[in-house]
Amino acid sequence: MKLAFAAVIVVLASVAEFAAAAAATASSPTPTRRLEGYGRYVPFWRPRTRRRALSPVTPAPIVVSRKSDDLTPSLAPVTDLWEIVEPFPLDIETESAGSSPSASGTVGLSQSGLPGSATEYTWEDAASHGCRLVDAMRVSDYDAGQLYSPSKTSAQSSLMNYEDFTDWGWSANEVHGGNFTDLDGGQKQPDPGWGIGNALRDLGVSDKIEAQGGKNIIIDAVHGKEPFTQGYTKDGKNYPATGADFKIGINTADGVLMAVDRVSTASAAQKRNPPVSDDQLPKVQSFSDIGYLIYKHILGKDPTSLKYMMSLMITNEETASIIARALGDKDLGPWPGTSFNWRSKEFKALLGSPNGMGFGYLLVQHKSQLGKMFIKQVQVFHGNTWHHLPNMVFILEEQSGTEPPPKPSGSPPQMEEPMMTGVPSILQRRTAEPEIHIQGPKNFLRAHIKHVEL
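The sequence shown runs -21 to -1, 1 to 433 under mature numbering (1 follows the signal peptide of the UniProt record, and there is no 0).
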């Protein structure tokens, strides 16, 4: 009897000790590493698990300097972008100003491993946006301008010089070293390699950065002067820095533009203390302008063609839910993943997603330089990375011949003349009144009660 009682006491003590240890682990935040400006490498829609503390990061060695005939002498080198973050960041930093939980409904895991499939509203909203971008890409600059409301005689962007980029407080630095420049890496946590080397090789383009003998240049574009908190003066008026951050991969030899991280000015501005008001945002703030201006600056002249545009390591909840719905009962697989032709509704929804629309606008607003470049296909896949975040590769071709302008009857609502220059933001969602809500720039004019036939 005494032995049995003693055994029970030992078991209870062991259980209590285990519970105490578990409680201590759950209550103390564990530091993890991320790229400065990158929201997270663990997808927010996946269950959070225990993460061990990581040792401090050793700065990456400086790689030999660029060639003397480099076309981008103003891009100062960046050798290390790592930082220790504690606790694990909970914010979602995306191309858009933010996404409300109602945008994609209750977040749950779909069969593909992505968050729950997009709601009907989110799906139709994105498809409507993508449909109008498809129309605008296929017609002349004049006809594309007519798709705006009010109509314009040209859809051409007014921001065509790199000086526009720098004058509005932006600085662009080339990333020379560190794991972030490893386009093949990323298989082991928390390595931030891109995990797309096999995809690049299959596409027939360079899979390494210039310092490694390749053709890719990795750019970190930040709004503000170092340490990215200093303001600037434009046309005699003082403006604050927003801290917006765009990390972009560029290969001008093969015609490749890659976006791996986009923290918009609108999103970053709201995180300042005090927040930066809308009337103090820079004129240069959308990816369609920033990506084009940096690409042109590195090339040294106006680009005349592009072959591939990529949105990589996507953490935007709305885009991820749209990908989940596009895949249906398919899994999010490795390269080459799942392809969608431009005629499909799935393609239009992916193009009209927060992570796709910037590429569409880049082509629509630079027809005089790029001609009638057209996105004919998108491939959705996860990289060869430990986190398996989704990627989208948009495949381009130049159109021949002249397409007639789209008919207004039966078409989705017209594109909106931007109320202010900037990245697209998610529309307010309401169900009570049939009102049209516009929030932010470069959105289509859409009503939640509108359903589009594609």
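Where is the CB? At the ideal position from N, CA and C, for every residue including glycine.
Inter-stretch contact (C-beta, 8 Å, three-pair minimum) for the region 110 to 127 and the region 231 to 251: Per the Cβ contact rule, the region 110 to 127 is not in contact with the region 231 to 251 (fewer than 3 Cβ pairs under 8 Å).
Rounded straight-line distance, which links the Cα of TRP365 to that of ASP120: Rounded to whole angstroms, ASP120 to TRP365 spans 43 Å at the Cα level.
Ranges of the alpha helix (DSSP H) found wholly within the region 111 to 171, counting only runs of at least 4: Qualifying alpha helix (DSSP H) stretches, in chain order: 120 to 125 and 141 to 146.
Own chain partners of ASN217 with C-beta closer than 8 Å, once the 5 adjacent residues on each side are dropped: GLY210 and TYR211
Selected residue, minimal CA-CA separation from ASP233, among SER379, ILE374 and HIS367: ILE374
Exposure label - ARG322; buried when at least 16 CB within 10 Å: exposed
Backbone secondary structure at SER300 - three-state DSSP: helix
Neighbourhood of PHE225 by C-beta distance below 6 Å, restricted to the same chain and skipping five residues each side: The residues are ALA200, ARG241 and ILE269.
Distance between LYS167 and GLN135 (C-alpha atoms, nearest Å): C-alpha separation (whole angstroms): 43 Å.
Where the alpha helix (DSSP H) through MET336 begins and ends: First-last of the alpha helix (DSSP H) with MET336: 336 to 343.
Reference ASP122, options ASP170, LYS346 and VAL359, closest by Cα: Out of ASP170, LYS346 and VAL359, LYS346 has the C-alpha closest to the C-alpha of ASP122.
Proximity of ASP146 and LYS213 at Cβ, strictly below 9 Å: yes
Three-pair Cβ contact test at 8 Å for the region 123 to 142 versus the region 177 to 197: no
Boundaries of the alpha helix (DSSP H) in which GLN348 is found, first to last residue: 346 to 349
6 Å CB neighbourhood of GLY339 in its chain, flanking five on each side removed: LEU112 and LEU330, listed in sequence order.
Contact between the region 252 to 266 and the region 308 to 317 (3+ Cβ pairs under 8 Å): no
GLU74 versus ASN140 - alpha carbon distance: Caution applies to GLU74, whose pLDDT of 39 falls short of 50 and renders its modelled position unreliable; the model cannot decide the point.
Cβ pair VAL372, ALA178 closer than 9 Å: yes
DSSP three-state assignment for ALA223, whether helix, strand or coil: Three-state DSSP puts ALA223 in coil, outside helix and strand.
Every unbroken beta strand (DSSP E) inside the region 174 to 206 [3 residues or more]: 196 to 202
Distance between PRO369 and LEU14 (C-alpha atoms, nearest Å): Legend: pLDDT at LEU14 = 32, less than 50; position of this residue unreliable, value from coordinates given subsequently. Distance between the alpha carbons of LEU14 and PRO369: 18 Å.
Own chain partners of LYS187 with C-beta closer than 6 Å, once the 5 adjacent residues on each side are dropped: Excluding residues within five positions, the ones whose Cβ falls inside 6 Å are GLY193.
Inter-residue spacing [alpha-carbon to alpha-carbon] between LYS351 and GLY148: 31 Å
Alpha-carbon to alpha-carbon, ASP310 and GLY335: 20 Å
Residue environment, LEU341, which counts as buried when at least 16 other CB atoms sit within 10 Å: buried
Buried or exposed by the 16-neighbour rule on C-beta atoms within 10 Å, applied to PRO219: Buried, since its Cβ has 16 or more Cβ neighbours within 10 Å.
Beta-bridge partners of ARG241, as assigned by DSSP: Beta-bridge analysis with DSSP links ARG241 to PHE225.
The beta strand (DSSP E) enclosing residue 434, as first and last residue numbers: Nothing in the structure corresponds to residue 434, since the chain is present only between -21 and 433.
9 Å Cβ cutoff met for GLU348 and PRO254: Checking the sequence shown, residue 348 turns out to be Gln, not Glu. For GLN348 and PRO254, no; Cβs fall outside 9 Å.
Burial state of GLU377 (16 or more Cβ within 10 Å): exposed
Boundaries of the alpha helix (DSSP H) in which LYS327 is found, first to last residue: First-last of the alpha helix (DSSP H) with LYS327: 324 to 330.
Buried or exposed (CB count within 10 angstroms, at least 16 for buried), residue 434: An answer regarding residue 434 cannot be provided, because it is not within the stretch -21 to 433 covered by the chain.
Residue closest to SER267, alpha-carbon to alpha-carbon, out of ASP308, MET288 and GLU189: Ranking ASP308, MET288 and GLU189 by Cα distance to SER267 puts MET288 first.
Three-way DSSP call (helix, strand, coil) for THR101 in this model: helix
Run of the beta strand (DSSP E) containing THR212, from where it starts to where it stops: Counting along the chain, the beta strand (DSSP E) containing THR212 begins and ends at 211 to 213.
Start and end residues, beta strand (DSSP E) containing ASN320: Counting along the chain, ASN320 sits inside the beta strand (DSSP E) bounded by residues 317 to 320.
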